[in-house]
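Note that this note's numbering gives residue 229 to position 231 of the sequence shown, counting from 1, and the numbers run on in steps of one.
Quick reminder that beta carbons are idealized off the backbone N, C-alpha and C, glycines included.
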Amino acid sequence: MKKLSTPCYLIDETKLHKNMKKLAAMREQSGARLLLALKCFATWGVFDLMKPYMDGTTSSSYYEARLGYETFGKETHAYSVAYSSEDIKKVSVFSDKIIFNSLSQLRQFYPECSGVTCGIRINPGVSYSHFDLADPARTFSRLGVTSTTDIEAAMPMVSGAMIHFNCENEDVAAFEHLLAGISHKYGTFLEQFDWISLGGGISYTEDHFDALRFAQIIKAFSQKFGLQVYLEPGEAAVTHTTTLVTTVLDIVENTKKIAIVDASIEAHMLDLLVYRESAGFEGTVVRGSFPYQIAGRSCLAADIFGEACFQNELQIGDTIMIKDAAGYTMVKKNWFNGLKMPSVAIMRPDGHIDVLQESSYTDYKRSLSTELRI
Ligand SMILES: Cc1ncc(COP(=O)(O)O)c(C=O)c1O
């Protein structure tokens, strides 16, 4: 580990495989088709490991749709909060299904979608989410049609729908309750649809999640309405598989001991900051009696990953491994402060490490301007 150049997002192939096996079992038991949500994880260098267990990808933009088509294959679903007509021309080349967010978008682009199956996003007005920021049914939500009149008007143009109504839901009973309400409210439409996507946000791969019960609920729902169910796992596919490996660059003291590492929460694990959560740390050195705050090296005063107690006093050059650095991390990394971008690597089951991606000064420079000067 010492030899790995840091910072680095290190994916553990064995752990990824474990998640994939859990997803595949749930797929088998439920009859659902599983589409990887690229908004969460799009590190296509590992897609060959994921393909056997999943049925394709779902996207939020033209770039994601194209990436899914080119690197994952199988089924490509496209959804965007709002498409431009230029997007539609491009997205329809790469997608099996296009799901529109509103009736007006569906009406505008349906004539250009010949050969592509269309769907509509429904906002059921109910959800499971601990975070207002990610709650699709929050007050004044723009995500999906809310009126049954709009769904009725969409019916001649669509063969299915997407209802994303969960965020980090580990509670199967709560899911079942919400799905029963949705079945009741939209039963007439569900009977006419061929397919439905129930979106993402469900923690299928957590050890305590009752995946068998969940699969039974999906199977019964699918049979009741004669629907092909799609699920769009993002976080569940990659959770617990990856660490952000960093090196301690300095240790300072201001009441607490603070270890500054060669990464940044703002630039490299932004979701923790957005959702005001602390990082967890991995490795044998954690869980001792020497407390440290682990902080990033950007200029931001609160660029803090979290706190941990180590078995020994930390030294400059020590490795600190930050947990759960796969979902919503690599897709959100940015060049704040011009900091070195973490490389992306995978640890094979035999311990061998392959580097999948490295960024350089040229990538940083190109992200800001081309050579053209005015
Ligand atoms: C429509 C849709 N599908 C799938 C996902 C993936 O969710 P998760 O990564 O929580 O499984 C999201 C996340 O916001 C979403 O909005």
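query	result
Inter-stretch contact at 8 angstroms, needing at least 3 Cβ pairs: the region 293 to 310 / the region 204 to 223	no
Delimiting residues of the beta strand (DSSP E) encompassing residue 170	From DSSP, residue 170 is part of no beta strand (DSSP E) but of the alpha helix (DSSP H) over 170 to 190.
Span of the alpha helix (DSSP H) around residue 147	146 to 152
Rounded distance between the beta-carbons of residue 197 and residue 230, thought under 8 angstroms	5 angstroms
Collapsed DSSP secondary structure at residue 75 in the structure displayed	strand
Residue 238: CB within 6 angstroms of a non-hydrogen atom of ligand 1	no
Closer than 6 angstroms: residue 38 CB and nearest ligand 1 heavy atom	yes
Separation of residue 66 from residue 264, as counted between CA atoms	27 angstroms
Sequence-distant residues of the same chain with beta carbon closer than 6 angstroms to residue 233, five excluded per side	38 and 325
Nearest candidate by alpha-carbon position, reference residue 250, set 294, 227, 145 and 279	294
For residue 243, the nearest candidate out of 222, 180 and 280 (CA to CA)	280
C-alpha gap between residue 332 and residue 182, whole angstroms	44 angstroms
Own chain, CB closer than 6 angstroms to residue 174, minus 5 neighbours either side, in chain order	215
Runs of alpha helix (DSSP H) wholly within the region 250 to 298 (minimum 4 residues, chain order)	263 to 266 and 268 to 272
Pairwise C-alpha distance: residue 135 and residue 146	16 angstroms
DSSP bridge partner residues for residue 304 (one or two, in chain order)	292
Per DSSP, cross-strand counterpart(s) of residue 57	76
Cβ neighbour criterion (16 or more within 10 Å) applied to residue 319	buried
Selected residue, minimal CA-CA separation from residue 316, among 306, 360 and 247	247
Cβ-heavy atom distance, residue 179 to ligand 1, below 6 angstroms	no
Beta-carbon contacts of residue 157 that lie in its chain and below 8 angstroms, excluding the five residues immediately before and after	115, 116, 117, 191, 192 and 193
Helix, strand or coil at residue 123 according to DSSP, with G and I counted as helix	coil
Identity of the residue in 83, 121 and 85 nearest residue 99 by Cα	121
Close Cβ partners of residue 12 (< 6 angstroms) along its chain, the five nearest in sequence each way excluded	347
Cβ pair residue 261, residue 8 closer than 7 angstroms	no
Identified DSSP bridge partners for residue 363	DSSP, once it has assigned bridges, lists no residue as partnering residue 363.
Pairwise C-alpha distance: residue 289 and residue 138	44 angstroms
Distance cut-off 6 angstroms: residue 35 Cβ against heavy atoms of ligand 1	yes
Assigned exposure category for residue 153 - 16 Cβ within 10 Å defines buried	exposed
Start-to-end residues for the beta strand (DSSP E) that takes in residue 212	Counting along the chain, residue 212 falls outside any beta strand (DSSP E), though it belongs to the alpha helix (DSSP H) covering 209 to 223.
Where residue 117 falls: helix, strand or coil (DSSP)	strand
Supposed close pair residue 335, residue 367 - CB separation, criterion 8 angstroms	Wrong, their Cβ atoms sit about 17 angstroms apart, outside the cutoff.
Cα-Cα separation between residue 27 and residue 259, rounded to whole angstroms	44 angstroms
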